[in-house]
Amino acid sequence: MTEAAVRQAFADQAVICTAAGAPFTGRVCRLIGERLTAEGEVGRRVLGWTGVASHQGDALPLRLMGGLHALARSGRDKALSAIYPPATAPDDEAVWSMVGRVLVEQAAFLSPWLDGPPQTNEVGRSAALMAGLLVLADRFGLPFALYELGASAGLNTVLDRYSYRLGEIEAGMVGSPVRLTPTWTGVSPPRGDVEIARRAGVDRNPLDVRDPATRARLAAYVWADQRERLARLEAALDLAAADPPPIDQADAADWLEANLSTAPETGVCRVVMHTIAYQYFSPEGQARIRARLAATGARATEDAPLAWLSFEAMSDTVDRRPTLDLTVWPGGETQRLAICQPHGAEIDWKI
Ligand SMILES: C[S@@+](CC[C@H](N)C(=O)[O-])C[C@H]1O[C@@H](n2cnc3c(N)ncnc32)[C@H](O)[C@@H]1O
72 MTEAAVRQAF
82 ADQAVICTAA
92 GAPFTGRVCR
102 LIGERLTAEG
112 EVGRRVLGWT
122 GVASHQGDAL
132 PLRLMGGLHA
142 LARSGRDKAL
152 SAIYPPATAP
162 DDEAVWSMVG
172 RVLVEQAAFL
182 SPWLDGPPQT
192 NEVGRSAALM
202 AGLLVLADRF
212 GLPFALYELG
222 ASAGLNTVLD
232 RYSYRLGEIE
242 AGMVGSPVRL
252 TPTWTGVSPP
262 RGDVEIARRA
272 GVDRNPLDVR
282 DPATRARLAA
292 YVWADQRERL
302 ARLEAALDLA
312 AADPPPIDQA
322 DAADWLEANL
332 STAPETGVCR
342 VVMHTIAYQY
352 FSPEGQARIR
362 ARLAATGARA
372 TEDAPLAWLS
382 FEAMSDTVDR
392 RPTLDLTVWP
402 GGETQRLAIC
412 QPHGAEIDWK
422 I
């Protein structure tokens, strides 16, 4: 990869962050793209990146933004913390003098953040999943068994612990400290009771909600400007820590084959669900997941249904907006329930 392509990846990420309501993060990205030099380990590694730096590849700008935000939150460089939100940022020259300095001086802290992909757990996506469960509750009237693939820390595996306003209806746990009120377009989802009989999740790198390092890591990857998202993440982590979601460490396809029996299970609606995770599974893993769903679905009945609830960025929507798609067995029909903002902040309900 050329240095110019790396700089372009930061410029492109800057535009994305700014458009998504994170102007400070966008500005830091832009300044790095324009002004980073090869002085110091971080500059050398970034400008000499051998993989694909862009969002579609290694998401290098987001790795570095995560490291800088973690550094600002840690308080180990007070001057950097002082320019990060919620503080009002100074002008470009002052921001760059600070960021350019820490990129060199704090290489030992920042360099490890370049080693691996960003890992998030976006609670806002629970709003879309909950709307999908309401559709299933309306159709079958059964308690649910949830199987979440690529669950991260499991904050969406415990979606029934949050409270929701979805269109004109209220759902979830009344009085929950985590409240989700996405901007809603279209008719409201059906009113109903969502009872979770059991839940399980898998991630190849599950994060323990009781580990302070998990909090630091997940918060670092939320853009520093997005104070509401950060507050919501912290509230969800507090809630989850009281009763941690059961997330196994495994590959999603291996785990589903081991945990989703093809035998029908009467009296529960089994739901395999995932949010912004499927694209990271190998093509072979995706095929095995679809095969297990089809095999289990083939034996499903009205009393023992199976559902596949997917919140994923599909290539057939404008700007690759995530869609909420639901396949239900018996029958195996797929319905597009909604098109959504990537963090679940807007839901355009389609049925
Ligand atoms: C972008 S994150 C999304 C996390 C969470 N679903 C959310 O929406 O906040 C993708 C997750 O998929 C996990 N993952 C990627 N490949 C996997 C695999 N083959 N098996 C299990 N988990 C995987 C990653 O570790 C990461 O936690």
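Using our numbering, the letters of the sequence shown correspond one by one to residues 72 to 422. For glycine and all other residues, C-beta sits at the position ideal for the given N, C-alpha and C.
(Q) Considering Cα atoms alone, identify which of Trp-400, Arg-391, Leu-397 and Thr-405 is closest to Cys-411. (A) In this structure, Arg-391 is the residue among Trp-400, Arg-391, Leu-397 and Thr-405 with its C-alpha nearest to the C-alpha of Cys-411.
Q: List in chain order: all unbroken alpha helix (DSSP H) runs of 4+ residues lying wholly within the segment 93 to 117.
A: 94 to 106
(Q) Would Ala-323 and Val-273 be called neighbours here (beta carbons separated by less than 8 Å)? (A) yes
Q.
I want to check one thing, is the minimum distance from the CB of Ala-348 to the heavy atoms of ligand 1 below 7 Å?
A. Within 7 Å of the C-beta of Ala-348 there is at least one heavy atom belonging to ligand 1.
Q) Excluding the five sequence neighbours on either side, which residues of its own chain have a C-beta within less than 6 Å of the C-beta of Ala-291, listed in chain order? A) Gly-137, His-140 and Ala-141
Q. With DSSP run on the structure shown, which of helix, strand or coil describes Gly-423?
A. No statement about residue 423 is possible, as the shown extent of the chain runs from 72 to 422 and does not include it.
Q. How long is the line joining the alpha carbons of Val-170 and Ile-103, rounded to whole angstroms?
A. 8 Å
Q. In this structure, does DSSP put Val-273 in helix, strand or coil?
A. strand
(Q) Is the beta carbon of Asn-227 closer than 8 Å to that of Ala-271? (A) no
(Q) If the criterion is Cβ atoms closer than 8 Å, does the pair Thr-343 and Trp-379 meet it? (A) The displayed chain sequence assigns Val, not Thr, to residue 343. Going by C-beta atoms, Val-343 is nearer than 8 Å to Trp-379.
Q. So is Ala-416 buried or exposed if we call it buried at 16+ other beta carbons inside 10 Å?
A. buried
(Q) Checking the sheet assignment: what are the DSSP bridge partners for Arg-78? (A) Looking at the DSSP assignment, Arg-78 forms no beta bridge with any residue, so it has no partner.
**Q.** Span of the beta strand (DSSP E), counted from its first residue to its last, around Trp-379
**A.** 377 to 384
Q | Closest by C-alpha distance to Ala-302, when choosing among Leu-289, Ala-313 and Asp-314 | A | Out of Leu-289, Ala-313 and Asp-314, the CA that lies nearest to the CA of Ala-302 is found in Leu-289.
Q: Locate the alpha helix (DSSP H) running through Trp-326, then write down its first and last residues.
A: 323 to 330
**Q.** Assumed close pair Val-166, Ala-158 - CB separation to whole angstroms, cut-off 8 Å
**A.** That pair is no contact at about 11 Å.
Q) On the three-state DSSP scale, how would you describe Thr-228? A) In the three-state reduction of the DSSP assignment, Thr-228 falls in the coil class.
Q) So what's Leu-408 in DSSP terms, helix, strand or just coil? A) strand
Q. Counting Cβ pairs closer than 8 Å, one from the segment 313 to 327 and one from the segment 343 to 353, do we hit at least three?
A. yes
(Q) Do Arg-101 and Ala-109 have their beta-carbon atoms positioned less than 8 Å apart in this structure? (A) no
Q) Which term fits Pro-132, buried or exposed, when burial requires 16 or more other beta carbons within 10 angstroms of its beta carbon? A) buried
**Q.** Where Ala-358 falls, given that 16 or more other Cβ within 10 Å makes a residue buried
**A.** exposed
Q | Residue nearest to Ala-216 in terms of C-alpha spacing, selected from Tyr-155, Ala-75, Glu-336 and Met-385 | A | Glu-336
Q: Express the C-alpha separation of Asp-83 and Val-399 in angstroms, rounding to a whole number.
A: 39 Å
Q.
In whole angstroms, give me the CA-to-CA distance for Leu-118 and Gly-368.
A. 49 Å
Q. Taking one C-beta from the segment 119 to 131 and one from the segment 175 to 189 each time, how about it: are there three or more such pairs within less than 8 Å?
A. Verdict: yes, contact present.
Q: Within the same chain, show all residues whose beta-carbon is closer than 8 Å to that of Trp-420, passing over the 5 residues directly before and after it, in chain order.
A: Ala-202, Gly-238, Trp-255, Thr-256, Gly-257, Val-258, Ser-259, Pro-260, Leu-408 and Ala-409
Q.
Going by C-alpha to C-alpha distance, which of Glu-383, Arg-147 and Asp-296 sits closest to Ala-179?
A. Arg-147
Q: Let me know the secondary structure DSSP gives His-345 once reduced to three states.
A: strand
Q | Whole-Å CB distance - Leu-327 paired with Tyr-218, under 8 Å assumed | A | 7 Å
Q.
Between Asp-264, Ser-223, Leu-107 and Gly-92, which has its C-alpha nearest Pro-156's C-alpha?
A. Gly-92
**Q.** Proximity below 8 Å, CB of Leu-174 to CB of Val-249
**A.** no
Q: Could you tell me whether the Cβ atoms of Ala-124 and Ala-80 are closer together than 8 Å?
A: yes
Q. Is the beta carbon of Leu-220 within less than 7 Å of some heavy atom of ligand 3?
A. Looking at this structure, you won't find ligand 3 anywhere; what it does contain is ligand 1.
Q. Closest to Ala-384 by CA distance: which of Glu-105, Pro-413, Glu-299 and Val-77 is it?
A. Pro-413
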